[in-house]
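Number 473 in our numbering belongs to position 166 of the sequence shown; there are no gaps in the numbering. Glycine is no exception: its CB is placed at the ideal position from the N, C-alpha and C atoms. Values in this document were obtained by computation on a predicted structure and should not be read as measured data.
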Amino acid sequence: MNHFCTTPFWDENVTNSSYPYLTECFRNTVLQWVPMGIFWLILPLWLYALVKQQIKSQVIQVSTLFITKMILTTLFILIQILRIIHYVFLSMNKEGHANWFTPVLYIITAMTIIWLINYERLKSVFASGLLFIFWLLVSLAAIPDIIHYSVTISLWIVFISIWLHFLFAFGLFITNCFAEKYINSDVVPELYVSFPSRIFFGWVTPLILRGYKKPLTEKDCWKLSKSEQTVTVVQQVQSFMKDTKISYDDKLSNDENRNLLTNMPIVDIKKSSSKQKKSAIFWHALFRTYRDKLIAGGLIRLAHDLTQLSGPIILKLVLNYFADSTKPIWLGIFYAILLSTCIFCQIVLLRSYFQCQFLVGLRFRSAITGLIYRKSLKLSNSSKQETTTGEIVNLMAIDASHFGEITTQMHILWSGPLLIIITLVLLYRQMQWSIIPGVVVLFIMIPINLFLQRMQKKLTYKQMIVKDQRIKTMSEILNGIKVIKLYAWEMAFIHSITRIRDKELGYIRQKAIVTAISNILWTFTPILVGIATFAAYILSSNENILTADKAFVSLALFHLLRGPLNQFPNVITSVIDARVSNKRIQKFLNNEELDENAVNKISIDSKLLDGNSIKIENGSFRWSNVVDDPLILKNINLEIQQGSLIALVGMVGSGKSSILAALLGEMNKVHGNVSISGKIAYVPQTAWIMNVTLRENILFGQDFDENLYNRVIEACALKQDLDMLPAGDQTEIGEKGINLSGGQRQRVSLARALYSNADIYLLDDPLSAVDAHVGAHIFKKVIGPKGLLNSKTRLLVTHGVSHLNKCNNIIVVSHGEIVDYGLYNDLMIRSKILQDFVHSVVTSDTEQYSRQTSTTESLASMHTTSTELIHNPSQNDIQHDGSTVTTIEIEEEMKKIIQKETIQTGSVKLNIFSIYIHACKLTMVMLITLFFCLTACASLSANIWLSQWTDKAKENNNTSSNNRIRDMNIYSTLGLIQGLFAFAMQLTLKLATYIAGRKLHWIILIGVLHAPMSFFDTTPIGRVINRFARDIDAVDSTLPAAFSQSFTTLITVVTTLILLIYGSWFAIIALIPLSILFGFIQRVYVSSSRQLGRLDSVTRSSIYANFAETIQGLSSIRAYHAQQRFIDVSDRFVDRNISCHFASSVANRWLGVRLEMIGNTLVFFTAIIAVFMPHRMTAGTVGLMITFAMQITNSLNMLVRMSSDIETNTVSVERINEYAELKPEASWEIPETKPSSHWPKNGNIQ
């Protein structure tokens, strides 16, 4: 370095001088090279990210900001050239190469920056983080030169060049504090704001303030950018799934070839490899899709951990400063600034890490939800029988969330062990071999916790199975609620659900106990390690004195250990949950799909079918793919000419509807060929009506053609109904068409088919639910020879006989076979089966007529005894099917029968917390409070004792063996007491929340099943299922975890504040304004956070309600080939929910940065107060204050976030209570009519 510089590189006496003098060599080399080194280190990674960027939102035009950056960078280069000219040609001293070498490096770097600025513009980078950091560091690196030359001015030209160097660098830093203007303000602004706004989440502030002023609505949340939308995410994952499958297939083929060459059996290997492939394709593709972002998150995590490790090292410098009273004040100020800067970097890096990984987690969630929905549209009938709607909803609601949560924690699996290893190395440097007992304790705890984690895994898996069973049963109950209420079976089904819930609660209780033990062991581990290490250190030698720097730096390192050790239980639990969810999702994605080639689809213009629209050759079909299952249809041979009307008749269960299903490809084709020529429309036997307007039900995604629409309405006899509906065809139809009669629903379904203008119409008994005169009208205007469909191919399944003579041909079906085919008159002569069918239909109609006549006579007889005037009803009146609207009068303003889901506003009411507290039992709550106070007192006592112990040891220089053992015993006892009280608190808390979960499920179950039918008529099933799935899961899992973390964090915060005041009353000067700021931020945040949590819950319900509706109409959707349209609708629902969830989560980041900055400010003020105290504090007191002030940085954020999480998830209690307090129907038991206790309870009729 002597040849490179003309001055020494470093002055060893700088820390002892009253003025912080840095040598010229150090200023011209290290200070200037560090910014450039960081720039060139990050540049390749940044360029790689830019090259990989594909989606351009907006091409940035040449702007004033862009031109300013170019001009200032050019001027910066010119200054460096002037400096080189001065040093080479004008300077008297030409021996130092650093004077010209550093400007050359700056010129190369600045020229690269000019190219980078333009390349970033072309790649639509609105603000460059790399250039922001670079110019900030260059500006800071120039300050020592400015200070030096301001004090010792040698040459004015050097002084001016240094100032210009600084001014241009600072100007470029200022310009990089702004972003280019973005046109679209509706989408997430994160990528379009300045770098400071991005790292401090300033772009979230308008949303937070808006939520503080008024309740937020869904419209206040940002739209997702194209790259974040579900359709884009699913396409990316599907592409990688395809590539992964090809890769595994190639590997399997190579293994087979290799085994053939070695004459080894390949059957078992092939089966094993195939199973491995199926279980790996999904997660492998998912992680490959976002590999780059996951790696980027890992690098940010590594940078954060390294910065975090520097904290205790700087703390040691601070404590050494206070231990030596001869050190200058500027050094103490420098250490305070250095410590604060270190913590600031930790804050920025940690928040950036969480944001990066959170976005990947959101994409995981939307990808899984989208893949599951798409798979559901392809499921074969056998797969649908194996998987219920409730189970699939669980995959979307819970399993997808597990994958979304794992992304923020997965890197701890490697960063945690790395942090532990480096921390132990630093501890060794502090305490030498005395750390061995602590390490032994640590390694003893690891296998114990691993055993507990395995128990958690088993219990979680069992709980998920039972949870699926509960949701499945609940879904079946809600789908059959009319029958249940008709037969008064509510209590029987309540007991059925309760038995399943009790089984689930058994696993939850066991898991709660295991989790409490696991959590407290991980939390208690650093305490035990500290006790073992301190004891070994002081007892190993009389020369070993436990000074402040030894004790509190070790405590800081133990606190670093606490981070990964505390996180490991949650991480392992999340990994376990994700692994279980992966198996469940993969199993579902591997389910059998409908055979797309089961039906040969041929163009209507093709002549391959010789004028036929439908052709089945030797077709045999079954519903499942199990070989041993019986065939439903056997040896079907069928040819139907284009434009013909064919009737399918036969007894109930003969296979008529199955033939239509086979033509739709819904059945498993065992052998034979099925060919269809033209577009199909399908009218199912049970009409499927969507929860949209009546017009939208008819249009079914097609453009509105008023002329065609009016003709369809007239032909389907819907005109009179539209006139009587509150809003005509704009009336919203309730779930499952609840505000329409059976006949109306069937006619709407027929109108949908008619409006589709298909070539082939498959009509499954469409006239069964309508009146005879309405049926005659529909047959004449729609189906018959003179109807709108007279030129179309019509295959009509019917149980009526009045229209058979108008059909071109009749197909007679019996026991899954076509037994006859021909004209009506011919078949009536030769077909015994048709004769029996006609006879059974006529007999049934006669009996029905007799019952109706009897009813008419009864009503007529009532006329003579009633005081009211009762008209004798006609036959058509009594056989009313709903050809008019409904007997229940609907008020004009009720245009929508489905009620919007209630979204509460404002803070969660106190009575909701009261409900939860009472659900937990007051005794348990009081015990939790008691153990909390005892834990805090024990923690305070242990730390104050340690501070006094270290100060006493330093003052006396040494202590006797007895005193040291006494001090150690007191500290150990206090630490053990703290651990025992903390365990008691955690265990009591887990049991209390378990009790609450049991009670809350019971009250919502009673509330829902005791609700009147009007509630079920106006509430989608998916919305109710969400209460029993998502909200009950929040009560069972999320709330207990939030309470557990809150109490643990609150102990740290309370202890820290008391210790700061204990150390110095001047701390109150900083605490008062920071507390006011803390309160304001917390108040503003919670107002927005709780509303965003509610929006998240409500929009999530829409996903499940839409999915449930899709499953109910799956056959119709597939028949009309409307899968893509329904996928688009589902994707929009998912995007709405992701948008609300994203807003809620980035609000957490906004809060985190601000609260951690408050904590960092507290650390800085604590250090500065200690430096400027008239009488310098002891190292023990300073160590105690700063150590705990450093901990409060994370604790403040965690406290508000957990309290907000509690309030946000208490919304689930609010939603549960809402259904628990539904207005009940009449009592299930009437005391006045209840038999007396003496009534016989058993006996025999003789």
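C-alpha distance - residue i paired with residue j, whole-angstrom precision
| i | j | result |
| --- | --- | --- |
| D1274 | W637 | 36 Å |
| A1318 | R1407 | 23 Å |
| S324 | E850 | 32 Å |
| R816 | A707 | 24 Å |
| A819 | A795 | 37 Å |
| G723 | E1003 | 55 Å |
| D1036 | Q1009 | 16 Å |
| M1505 | V337 | 38 Å |
| D631 | W407 | 41 Å |
| I287 | F1086 | Any property of residue 287 remains undetermined from this structure, which presents the chain solely from 308 to 1553. |
| Y1068 | L970 | 11 Å |
| I1434 | D1078 | 37 Å |
| R1054 | E1021 | 11 Å |
| F547 | L593 | 8 Å |
| L916 | D1012 | 32 Å |
| Q368 | R428 | 8 Å |
| F475 | F383 | 6 Å |
Sequence-distant residues of the same chain with beta carbon closer than 6 Å to residue i, five excluded per side
| i | result |
| --- | --- |
| L867 | T730 |
| Y1131 | L1111, N1112 and I1117 |
| D1403 | C1447, H1448 and S1451 |
| A1341 | N1516 and S1519 |
| S1181 | Any reading at S1181 must be qualified, since the residue scores a pLDDT of 32, below 50, and its modelled position is unreliable; no value is offered. |
| R608 | Y660, H718 and S722 |
Span of the beta strand (DSSP E), counted from its first residue to its last, around residue i
| i | result |
| --- | --- |
| H978 | N975 to S984 |
| F1086 | Run containing F1086: none; DSSP gives neither H nor E here. |
| T299 | The question about residue 299 has no answer, for the chain in this structure spans 308 to 1553. |
| K922 | N919 to R929 |
| V956 | L952 to V956 |
Opening and closing residue of the alpha helix (DSSP H) in which residue i lies
| i | result |
| --- | --- |
| G972 | Per DSSP, G972 belongs to no alpha helix (DSSP H) and is neither H nor E. |
| D775 | I742 to N786 |
| I378 | T371 to I392 |
| R736 | I719 to M738 |
| I943 | Here I943 belongs to no alpha helix (DSSP H); instead the beta strand (DSSP E) covers L940 to Q948. |
| Y1016 | E1013 to A1022 |
| E1416 | A1374 to Q1419 |
| D599 | R598 to A630 |
Spatial neighbours of residue i in its chain, beta-carbon cut-off 7 Å, leaving aside the 5 residues before and after
| i | result |
| --- | --- |
| R1052 | A994, I996 and G1044 |
| I791 | I784, E797 and F800 |
C-beta contact flag for residue i and residue j at 7 Å
| i | j | result |
| --- | --- | --- |
| E899 | S673 | no |
| L1253 | A843 | no |
| L1234 | T1295 | yes |
| C1447 | C528 | yes |
| L669 | I1445 | yes |
| I983 | V906 | yes |
| C301 | G604 | Since the displayed the chain opens at 308 and closes at 1553, residue 301 lies outside it and no answer follows. |
| A1336 | C1227 | no |
| T840 | I742 | yes |
| G1329 | G1123 | no |
| S457 | C484 | no |
| F480 | S446 | yes |
| I1556 | A1374 | Lying before the first or after the last residue shown, residue 1556 is absent from the chain, which here runs from 308 to 1553. |
| I1513 | R1461 | no |
Sequence-distant residues of the same chain with beta carbon closer than 8 Å to residue i, five excluded per side
| i | result |
| --- | --- |
| S683 | I699, F1414, T1417, I1418 and L1421 |
| L1281 | A1245, S1248, A1249 and W1252 |
heavy atom of the ligand FMN below 6 Å from residue i C-beta
| i | result |
| --- | --- |
| V1391 | Here there are no bound small molecules, and the ligand FMN is not part of this structure. |
Those runs of the beta strand (DSSP E) which lie wholly inside the region 1436 to 1519 and span at least 3 residues: none
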